[in-house]
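Working notes, beginning with the structure itself.
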Amino acid sequence: MRQFNMGYHLREGFRSIFTHGLMSFAAVCMILACLIIMGSFSLVAINIDNTLGRYEAENEFIAYIDETLAEDEARALQSKLEAIPNVSSVTFMTAGEALERYTERYTDSETRELFDGMDDSVLRHRYRIHVDDLEQMGETVRQVEAVSGVAKVQWEQAISDGFVALRNVASAVAFILIAMLLVISLFIIANTIKLATFHRREEIAIMKMCGATNWFVRWPFIFEGMLLGLMGAILAFFLQWGIYAVIVQAIDGFGGLQLVAIIPFQTLWTRVAGAFAVTGLVIGAGGSLLAIRKFLQV
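150 is the number that this note's numbering gives to position 146 of the sequence shown; each next residue is one higher, with no gaps.
As structure tokens, then:
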């Protein structure tokens, strides 16, 4: 009885699922519910992170060039700016283009009069600079300011710091909630499986008295839990897909929610399926180990 026999343990675990059908159904439902809750929180966190990332990518700062530099001299600074670490893109804008943009932006007659007849020499050539990592934006701004020929830099520090803080808080909250739900799910599944194994305590006791090792007794329960976890994961995956599709369709119906950058489920399905399968197997196996721990003390 000390020899590990996977075929035997798998058969026993599979047989037990159907022998105790009602409790197996309850365990699958609990695993399904737990995975749906954790999956929903995870998908919300992923989409929040994606939305913040999109706005971060649109965030930029302006480097104004010294007005004493001619246009060709101002353009020559582009290679120096592009060489600065964390700079993702640099776009040059002449003073004339800047004046034209201001004119297009302010269409009301009173404001537009301010630009009528204005010479572009009153404005500076400039660069629009995007960064890769918003957390390093302050250091990037300082390096840009140090470039000879850059007169000043305009950037919204409060906005960039706000995006960084919001992303960090959202990630921390999501991690804590998912970890808590995982632990709670493990104990819920353990108690559900414990109810299913309670009436088998005499069977376990007899096996122990016949010389069965603890692991010989554990393995059928572990495989049973893993099979239940996998069943729950498969059902949860398709249910999560349906819920996600309904929510995306509802969001698309509201123009005001277009600020949210929703990732298509087709892009996420492999990650969701893998996470559900692994989590279901871990919860099922872990719940089984916790459930039979007391019954092995013979």
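From the three backbone atoms N, C-alpha and C, an ideal C-beta is built for every residue, glycine too. Keep in mind the model is a prediction, meaning the values are calculated, not measured.
The beta carbon of Ala30 sits closer than 6 Å to the beta carbons of Thr196 from its chain, once the five residues preceding and following it are set aside; these are given in chain order. Around the beta carbon of Tyr12, fewer than 16 other beta carbons lie within 10 angstroms, which makes this residue exposed. Note on the stretch 171-249: whole alpha helix (DSSP H) runs with a minimum of 4 residues are 205-213, in chain order. Contact between the stretch 148-156 and the stretch 92-106 is absent: fewer than three C-beta pairs spanning the two stretches fall below 8 Å.
Assignment of beta-bridge partners to Met97 by DSSP yields Arg130.
Annotation: the continuous alpha helix (DSSP H) that includes Val145 extends over Met141 to Glu149. CA-to-CA, the gap between Leu186 and Phe280 works out to about 12 Å. Assignment of beta-bridge partners to Ile287 by DSSP yields no partner.
Met34 and Thr283 do not touch by the CB rule: their CB atoms are close to 13 Å apart, not below 8 Å.
By the Cβ neighbour-count rule, Val177 is exposed, with fewer than 16 other Cβ atoms within 10 Å of its own.
For a cut-off of 8 Å, the C-beta gap from His134 to Ser93 is around 5 Å, short enough to register as a contact. One alpha carbon belongs to Glu160, the other to Phe167, and they sit about 11 Å apart.
Your pair Leu85 and Val148 checks out as a contact, with CB atoms roughly 6 Å apart and the cut at 8 Å. Put simply, the stretch 220-237 touches the stretch 12-22. At least three CB pairs are less than 8 Å apart.
For the set Glu143, Ala254, Pro268 and Leu234, the Cα lying nearest the Cα of Cys38 is the one of Leu234. Taking all protein chains in view, the Cβ of Ser83 is surrounded by fewer than 16 other Cβ atoms within 10 Å, so the residue is classified as exposed.
The alpha-carbon of Ala49 is positioned some 47 Å away from that of Ala216.
Distance between Leu81 and Arg146, taken at the CA atoms: about 16 Å.
Judged by DSSP in its simplified three-state form, Glu71 adopts coil rather than helix or strand.
Sixteen is the threshold: since fewer than 16 other Cβ atoms of the shown chains lie within 10 Å of the Cβ of Ala74, the residue is exposed. Around the beta carbon of Ala240, a 10 Å sphere encloses 16 or more other beta carbons of the protein chains shown; the residue is thus reported as buried. Each residue's CA atom was taken as its position, placing Ile193 and Thr55 some 34 Å apart. Shown here, Ser152 sits in coil according to DSSP, grouped into three states, outside any helix or strand.
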